[in-house]
Amino acid sequence: ALHPLGLRVALLEAATGDNTPAPATDQRTLALNWGSRQILEGIGAWCQVEPLASPIHRLHVSDAGHSGITRLDRTLIGQSALGYVVPAHSLSAVLAAQLKTCGTIDHYTPAICDQVSVTDTQAVVRCSATDLSLTARLVVLADGGRSTLRQQFGLDACEKAYDQAVLVTTVLTSKVHGQLAFERFTLGGPLALLPLAGPRFALAWTLPADQAPVLASLPESIFLAKLQHCFGDRAGTFLSATARHVFPLHLTDVPNAATERAVAIGNAAHVMHPVAGQGLNLGLRDVAELAERLQAAHHEEHDIGSTAFLTAYVAARRGQTRRVLSFTDGLVRLFSNNVPGVGLVRNIGLNLLDIAPPIKRTLLRRTTGLAGRLPRLARGLPLQTHAKTPAIPRG
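Residues -5 to 389 in the numbering used here are what the sequence shown spells out, letter by letter.
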């Protein structure tokens, strides 16, 4: 994203190419909303990602045990897709290839930072194992939800365990999906089916933490039977499943994601429940906002690691971050609630939403990254090497 500015950037990555999961073993898929597609367009990567992505044209939302449903369609936002499903290894490969073309970026791998220090004008990061020491005006922490750098820089996180885990796999069905995605809420957690190439879906099935490993270890035929019983036959008959993997779920929020000379973005700043598929999209929006502010500061020769600069960035991102965290956490609590009467409320709510296009349109604009102040990258535009940063407000 920063390549057009000519800034010298060092990228420290713990993993090496040899440790990257192979496509045959890496079952993870990523849900990109329209806003994230625009950001990838803005950095020049979308033309390589698009052939590897499966678009989502429609979304069917239901609540197990109740008749309430809501149907969402791309026409509500006037775009060619609500979002896209991309294999994680495919997106990583595209970005890694693009990284090699950026002459202003020094890529260090493997590099695990274990010491940091900060002065008034710079930060120093050290990697003892490789005897590497680097100084920078700004350190961007993007080392994931279990960020060790966040701890080293003294950024406090609020954490909440969900006592749930998500089981992921790819399933083959008897019915062509027509780019239709499903989100089915159950008392154990949401079950999402995201369309892939052919009659295949990426499955993300949230379950109680003690049940997920049990289902993952079942013989394939028994697993498919339980999936069929839980989901029903809207997607056809489930015929086969690839290797199953389980990941524990938790919520992490870093209310003040910056300190002198350092700022946390992406999962290092916020981790949420996978319901509604907002995690990666929120992280990419962090990238777009920070990059645009770095562009302006660089042009105006301001200090990009100062408290004033980083405080302004955190304030700009805090509202959307808080809304998305509250939205996803609220969905989990509402649809995993067994209190008498709550199911009826959910049922009525889904049915009312289904017949209220204006409300659906507003909801979709928020969840697809089209609402609010849009930085240049979120409009599909690359950064400029000059001019300040007016952004287009969107309703």
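Where a beta carbon is used, it is the ideal one built from N, C-alpha and C, also for glycine. Given the structure is predicted, the values throughout are model-derived calculations rather than measurements.
| task | Given a cut-off of 8 Å, decide if ALA372 and GLY29 are closer than it, judged by their beta-carbon atoms. | result | yes
| task | Check the DSSP bridge columns for VAL165 and list the partner residues they point to. | result | PHE195, ALA235
| For the candidate residues HIS223, ARG22, HIS(-3), whose alpha-carbon lies nearest to that of THR180? | HIS223
| Assigned exposure category for ASP137 - 16 Cβ within 10 Å defines buried | buried
| task | Check whether the segment 286 to 305 touches the segment 151 to 164, taking contact to mean three or more Cβ pairs, one atom from each stretch, closer than 8 Å. | result | no
| Just curious, the alpha helix (DSSP H) that PRO207 is in, first and last residue? | 206 to 210
| task | Out of LEU274, ALA47, ILE63, GLN42, state which residue places its alpha-carbon closest to the alpha-carbon of PRO81. | result | ALA47
| request: Compute the distance between the beta-carbons of ALA151 and ARG144, then report whether it is under 8 Å. | output: yes
| How would you call ARG31, buried or exposed, if buried means at least 16 neighbouring beta carbons within 10 angstroms? | buried
| task | Output the boundary residues of the alpha helix (DSSP H) element that contains PRO351. | result | 351 to 361
| field | Sequence-distant residues of the same chain with beta carbon closer than 7 Å to ARG79, five excluded per side | value | Per the sequence shown, residue 79 should be read as Val rather than Arg. Answer for VAL79: THR23, ALA25, ALA47, SER48, ILE50, LEU188, PRO189, LEU190, ALA196, listed in chain order.
| field | Range covered by the beta strand (DSSP E) that runs through ILE99 | value | 99 to 102
| query | Which residue or residues does DSSP assign as beta-bridge partners of CYS107? | reply | Partner(s): none; CYS107 has no beta bridge.
| task | Leaving aside the five residues before and after ARG311 along the sequence, list all residues of the same chain whose C-beta is less than 7 Å from its C-beta, in chain order. | result | ASP280, GLU283
| message | Here's the rule I'm using: 16 or more other beta-carbon atoms within 10 Å means buried, otherwise exposed. How should GLY172 be labelled? | response | exposed
| Whole-Å CB distance - LEU358 paired with ILE71, under 8 Å assumed | 5 Å
| field | Cβ-based burial, LEU6 [other Cβ within 10 Å; buried from 16] | value | buried
| said: Would LEU212 and TRP199 qualify as a contact pair, given that the criterion is a beta-carbon distance under 8 Å? | reply: no
| said: Comparing C-alpha positions only, which one of GLY299, LYS220, THR231 sits nearest to ARG255? | reply: GLY299
| query | Terminal residues of the continuous beta strand (DSSP E) containing LEU6? | reply | 3 to 6
| query | Buried or exposed: ALA219, going by 16 or more other Cβ atoms within 10 Å of its Cβ? | reply | exposed
| Hey, quick one: how far does the beta strand (DSSP E) through ARG178 stretch, first residue to last? | 174 to 180
| What residues match up with GLU153 in a beta bridge as DSSP calls it? | THR246
| request: Apply the 10 Å Cβ neighbour rule to GLU177 and answer buried if 16 or more other Cβ atoms are within range, or exposed otherwise. | output: buried
| Where PRO376 falls: helix, strand or coil (DSSP) | coil
| Where do the ends of the alpha helix (DSSP H) carrying HIS293 lie? | 273 to 294
| C-alpha distance - THR69 paired with ILE342, whole-angstrom precision | 24 Å
| Reference LEU132, options THR301, LEU344, VAL88, ASN332, closest by Cα | THR301
| query | Hey, is the segment 302 to 321 in contact with the segment 270 to 280, meaning 3+ C-beta pairs nearer than 8 Å? | reply | yes
| said: Given this structure, state the Cα-to-Cα distance separating LEU53 from PRO352, to the nearest angstrom. | reply: 16 Å
| task | Can you tell me which of ILE99, LEU126, ALA90, SER141 puts its alpha carbon nearest to the alpha carbon of ALA105? | result | LEU126
| said: Tell me the residue span of the beta strand (DSSP E) that contains ILE63. | reply: 63 to 67
| field | Local Cβ density within 10 Å of THR241, reported as buried at 16 or more and exposed below that | value | Just to set this straight, residue 241 is Phe in the shown sequence, not Thr. Looking at its Cβ environment, which holds fewer than 16 other Cβ atoms inside 10 Å, PHE241 is exposed.
| query | With a Cβ-Cβ cutoff of 8 Å, do LEU245 and ASP157 count as a contact? | reply | no
| Quick one: what's PRO49 bridged to in DSSP? | TYR78
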